[in-house]
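Okay, structure first, notes after.
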Amino acid sequence: MCFEALDQTLRNLMSVTNQHKTHQPFGDKVVILGGDFRQILSVIPKGSRHDILTSAINSSHMWSFCEVLKLHMNIRLLTPSSDQDEGEMKRFNNWILDFGNGNISSAVDFAYPNLLKNMSDYRYFQSRTILAPTLESVEKVNDFVLTIFPGMEKEYLSSDTTCQVVENENIQQKWFTPEFLNDIKCSGLPNHKLTLKPGVAVMLLRNIDQTSRLCNGTRLIFRFEIKCVTRSTTTYTNYFSNEIKALVSKYNHMVILFTSRLLHTAMHNRPDAGRSCPGAGVSQRSCPRHSLQTYYAIR
Numbered sequence: 079m080c081f082e083a084l085d086q087t088l089r090n091l092m093s094v095t096n097q098h099k100t101h102q103p104f105g106d107k108v109v110i111l112g113g114d115f116r117q118i119l120s121v122i123p124k125g126s127r128h129d130i131l132t133s134a135i136n137s138s139h140m141w142s143f144c145e146v147l148k149l150h151m152n153i154r155l156l157t158p159s160s161d162q163d164e165g166e167m168k169r170f171n172n173w174i175l176d177f178g179n180g181n182i183s184s185a186v187d188f189a190y191p192n193l194l195k196n197m198s199d200y201r202y203f204q205s206r207t208i209l210a211p212t213l214e215s216v217e218k219v220n221d222f223v224l225t226i227f228p229g230m231e232k233e234y235l236s237s238d239t240t241c242q243v244v245e246n247e248n249i250q251q252k253w254f255t256p257e258f259l260n261d262i263k264c265s266g267l268p269n270h271k272l273t274l275k276p277g278v279a280v281m282l283l284r285n286i287d288q289t290s291r292l293c294n295g296t297r298l299i300f301r302f303e304i305k306c307v308t309r310s311t312t313t314y315t316n317y318f319s320n321e322i323k324a325l326v327s328k329y330n331h332m333v334i335l336f337t338s339r340l341l342h343t344a345m346h347n348r349p350d351a352g353r354s355c356p357g358a359g360v361s362q363r364s365c366p367r368h369s370l371q372t373y374y375a376i377r
């Protein structure tokens with residue numbers, strides 16, 4: 079680390095006149111370090127999350143000798159301006175702080191203002207979404223928004239089994255327990271447990287019905303369920319989803335599932351998605367490196 083190299087250099091230089099200073103941090107010199115840990119972290123080529131975080135100054139052994147001084151005054155707000163400009167700068171300042179802290183509620187309020195008042199209007203959901211870098215982030219946002227919607231939750235569970243075939247004789251069926259299969263979470267396949275409430279948004283998966291203008295990725299509004307059938311509404315038509323069987327991967331993982339995936343507000347932030355959205359928020363709380371880069375960019 080460059081700070082540790084500077085520390086050792088100052089110790090060597092100051093020890094020429096005083097040998098005791100070789101044991102003092104930075105050779106007994108006062109060093110001021112300025113920065114924001116919510117900005118971009120160090121870039122470690124092919125490094126893991128642990129490597130990136132341990133490269134920061136607050137992970138160094140010298141951090142115990144540092145005194146943290148926080149700046150609480152926003153200098154921009156001290157410049158002469160109108161009351162309207164000052165109010166906008168305050169809101170922007172609070173929004174940046176909430177983004178750096180990973181506040182889910184601020185992202186939801188930004189992308190979906192007055193959510194409960196517009197939950198019955200499908201046009202409200204057409205041009206709004208929250209982008210996230212990982213499926214884990216998507217689930218956290220979805221779970222948070224699900225608690226906002228009124229009504230009783232309804233859970234739908236898939237039935238996961240494996241099928242032994244000739245091509246995979248070396249693969250033992252007992253390796254893949256139901257618990258292991260239930261924990262598989264990936265793009266393009268609904269989770270084992272799907273929790274819904276009337277009015278929440280869902281995304282159609284593993285289904286194509288061109289006559290009804292339905293395909294993979296179609297966004298729908300969940301209305302109600304009748305036994306094992308769910309009813310959803312799109313911009314054009316009603317859609318009834320029943321249980322289907324899906325064969326997944328070369329290991330012949332058989333899934334009996336519903337064709338919808340909980341969407342609520344969040345989508346996986348993929349660069350190849352090929353979509354545009356006028357009202358989009360960003361949630362990157364589970365991916366520190368990407369979150370800090372985005373936080374630094376919006377500043």
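Counting from 79, one number per residue, gives the positions in the sequence shown under my numbering.
Built from N, CA and C at the ideal position, the CB exists for glycine as well.
Under the three-state DSSP convention, the category residue i falls into
i      : result
LYS148 : coil
THR212 : coil
ASP238 : strand
PHE227 : coil
THR32  : Absent from the model: residue 32. The displayed extent of the chain is 79 to 377, so no value can be given.
MET197 : coil
THR100 : helix
PHE188 : helix
GLY113 : coil
GLY64  : Here the chain covers residues 79 to 377 and nothing more, so residue 64 does not appear.
LYS107 : coil
Paired residues, beta bridge with residue i - DSSP
i      : result
ARG233 : Looking at the sequence shown, residue 233 is not Arg but Glu. According to DSSP, GLU233 bridges with THR273.
LEU119 : Per DSSP, none; premise fails for LEU119.
THR87  : The partner list for THR87 (beta bridge, DSSP) is empty, contrary to what the question assumes.
LEU267 : CYS264
LEU292 : ASP287
Cβ distance (whole Å) where residue i is taken to contact residue j below 8 angstroms
i      : j      : result
ALA185 : THR207 : About 11 angstroms; that fails the 8 angstroms criterion.
PRO103 : ASP85  : 6 angstroms
ILE262 : LYS218 : With 8 angstroms as the limit, ILE262 and LYS218 do not qualify as a contact, their Cβ atoms being about 18 angstroms apart.
ALA279 : ARG297 : 6 angstroms
Between the CA atoms of residue j and residue i - distance to the nearest angstrom
i      : j      : result
PHE254 : THR240 : 7 angstroms
MET281 : ASN172 : 32 angstroms
PHE81  : THR132 : 13 angstroms
ASN196 : THR289 : 29 angstroms
ARG291 : SER215 : 29 angstroms
GLY125 : GLU166 : 39 angstroms
ASN148 : LEU267 : Residue identity differs from the one stated: residue 148 is Lys in this sequence, not Asn. Near 46 angstroms, if we compare the C-alpha coordinates of LEU267 and LYS148.
GLN371 : ASN136 : Model confidence at GLN371 stands at a pLDDT of 49, short of 50, so the residue's coordinates are unreliable; what they give is reported in the following sentence. Their Cα atoms are separated by approximately 18 angstroms.
SER93  : ASP106 : 10 angstroms
ILE299 : CYS264 : 22 angstroms
GLU233 : ARG127 : 34 angstroms
GLY112 : SER138 : 16 angstroms
The region 254 to 268 / the region 197 to 208 touching (three or more Cβ pairs under 8 angstroms): The region 254 to 268 vs the region 197 to 208: no contact.
Quick check: the region 210 to 230 against the region 264 to 280, are at least 3 beta-carbon pairs closer than 8 angstroms? Output reads yes: the region 210 to 230 touches the region 264 to 280.
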